[in-house]
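2 protein chains.
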Amino acid sequence: MELDRTDKRILDALQKNGRISNQELAEQVGLSPSPCSRRVKQLEDAGYISSYVARLNQSKLDLKLTAFIQISLDRHTPDRFAAFDKVVRSCPEVVEAYLVTGQSADYTVKVIVPDMEYYQEFLLNKITQIEGVTGVHSSFVMRKVVDNTQVSLSHLA
Amino acid sequence: MELDRTDKRILDALQKNGRISNQELAEQVGLSPSPCSRRVKQLEDAGYISSYVARLNQSKLDLKLTAFIQISLDRHTPDRFAAFDKVVRSCPEVVEAYLVTGQSADYTVKVIVPDMEYYQEFLLNKITQIEGVTGVHSSFVMRKVVDNTQVSLSHLA
DNA sequence: CTATATATTGGAATAATATTGCTCAATAGC
DNA sequence: GCTATTGAGCAATATTATTCCAATATATAG
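Here the protein sequences line up with chains A and B, keeping their order. No gaps in the numbering here: position 93 of the first sequence is 93 in this note's numbering, and each next residue is one more. No gaps in the numbering here: position 138 of the second sequence is 295 in this note's numbering, and each next residue is one more.
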């Protein structure tokens, strides 16, 4: 399946507003409602859209602390990775976790929690308990300069 | 405004599926459609829900490289920060950017691009061009273990 | 513990919105 | 230049959301 200019516009618009009405979407991308609806369905069925989600106001919900944790393991064996992945996936505080390249850290984990006290407990009870974790370094977000989910599609033909 | 159990359930459900129908949402949270609709509207108006967005399949859209950039500045003056913020906010490749605590790095920036070639150009033409940038360190995502937008509300009474 | 006030619910009617079938037009390939 | 294929637009249908109102539940004060 090949994406044309209209498909890209649809994806861009849905990234900005996932609950836009089909009518307004159609207008924005220069289509009438019915082909627009069909295209959206196609894009969904073809797997270009993975999900629709609501984004919440974190500070209103008392989630005041965002932290990045750089974590290193003693050995890079399949069981070490598997154990780590399993724990991390079970933590609701963890919003992102990546195996990354680079110097000493193996994982980069992003965590959203109410406050520093909560964070400290989380780190001690969850992260440092994981078999094979040798190094942990925390960075805390002081200010969010950009916090999007929208990706750029300008590279597509 | 105080959130009760039902409100939290609504927020959780909408974080999972931002396009759930009001009927199904009502059923999930144990309400009939009309009060459910009212509550969602209230939550929106009160600012608990910041937006609804579509999340896209990055690899299908040829966005194969996610990178974290640790960036340090020569001086921590308001004009340095302002200049940096302005550039970074104008880059569609940048999905997240934070001013963080910690050792040498001042900013952590998350970037999503097609490939390494694109990344290299981006780094050279955009990031390193910013006034005051002294250090840049890149980490590349090899595997995504967790990639959510959903935050945990379990800490709320 | 009772009475009153307040807020919230559920159901029905209404309004808005999405979806689908059909016809017509445009475009690409032969 | 003709045919095949695809997509657009219209209209009808179906789905879904929203609003009003009566009734219930909850909280408050006496």
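Cβ atoms here follow ideal geometry from the backbone N, Cα and C, with glycine treated the same way. Quantities reported herein were computed from a predicted structural model and do not represent experimental measurements.
Hey, does residue i have any beta-carbon neighbour from chain B nearer than 8 angstroms?
i, result
"A/I49", "yes"
"A/I112", "yes"
"A/N148", "yes"
"A/R39", "no"
"A/T101", "yes"
"A/Q58", "yes"
"A/A97", "yes"
"A/Y119", "no"
"A/Q129", "no"
"A/L156", "yes"
"A/Q28", "no"
"A/A54", "yes"
"A/Q42", "no"
"A/R75", "no"
"A/R9", "no"
"A/V133", "no"
"A/V87", "no"
"A/L159", "A query on residue 159 of chain A cannot be resolved here, the shown segment of chain A reaching from 1 to 157 and no further."
"A/N62", "Reading off the sequence shown, one finds Asp at residue 62 of chain A, where the question assumed Asn. A/D62 counts as touching chain B."
Does any CB atom of chain A fall closer than 8 angstroms to the CB of residue i?
i, result
"B/N282", "no"
"B/P190", "no"
"B/P235", "no"
"B/S296", "yes"
"B/N179", "no"
"B/T265", "yes"
"B/K301", "yes"
"B/S261", "no"
"B/E250", "yes"
"B/V308", "yes"
"B/L171", "yes"
"B/L182", "no"
"B/F279", "no"
"B/R176", "yes"
"B/Q161", "The amino acid at residue 161 of chain B is misidentified as Gln; the sequence shows Asp. By this cut-off, B/D161 is not an interface position."
Residue range of the alpha helix (DSSP H) that residue i falls in?
i, result
"A/Q13", "A small correction: the amino acid at residue 13 of chain A is Ala; Gln does not occupy that position in the sequence shown. Taken as a continuous stretch (DSSP letters only), the alpha helix (DSSP H) holding A/A13 covers R5 to K16."
"B/A183", "N179 to V186"
"B/E201", "P190 to D202"
"A/R80", "P78 to R89"
"A/E121", "M116 to F122"
Could you pull the start and end residues of the beta strand (DSSP E) that residue i belongs to?
i, result
"A/Q70", "L65 to L73"
"B/L310", "B/L310 -> no beta strand (DSSP E), and no H or E assigned at all."
"A/A105", "No beta strand (DSSP E) contains A/A105, which DSSP labels as neither H nor E."
Tell me, which residues are paired with residue i by DSSP?
i, result
"A/L61", "Answer by DSSP bridge pairing: none, since A/L61 is not bridged."
"B/R212", "A/S51"
"B/E159", "B/E159 is not bridged to any residue."
"B/E250", "BP columns for B/E250 are empty, so no partner."
Quick check: does the Cβ of residue i come within less than 7 angstroms of any heavy atom belonging to the ligand NAD?
i, result
"A/K64", "No copy of the ligand NAD appears in this structure; indeed no ligand is present at all."
Segments of 4+ residues assigned as alpha helix (DSSP H) that fall wholly inside the stretch 282–307 of chain B: none
Touching by the beta-carbon criterion (3+ pairs, under 8 angstroms), the stretch 292–302 of chain B and the stretch 176–183 of chain B: no
Stretch-stretch touch, CB-based, cutoff 8 angstroms, three pairs: the stretch 187–199 of chain B with the stretch 159–170 of chain B: Contact between the stretch 187–199 of chain B and the stretch 159–170 of chain B is present, with at least three C-beta pairs closer than 8 angstroms.
Stretch-stretch touch, CB-based, cutoff 8 angstroms, three pairs: the stretch 45–52 of chain A with the stretch 93–100 of chain A: Taking a cut-off of 8 angstroms on C-beta distances, the stretch 45–52 of chain A does not touch the stretch 93–100 of chain A, as fewer than three cross pairs fall below it.
Touch test, the stretch 65–78 of chain A against the stretch 101–113 of chain A, Cβ-Cβ under 8 angstroms, three pairs minimum: yes
The stretch 216–228 of chain B contacting the stretch 272–286 of chain B, beta-carbon criterion three pairs below 8 angstroms: Short answer: they touch.
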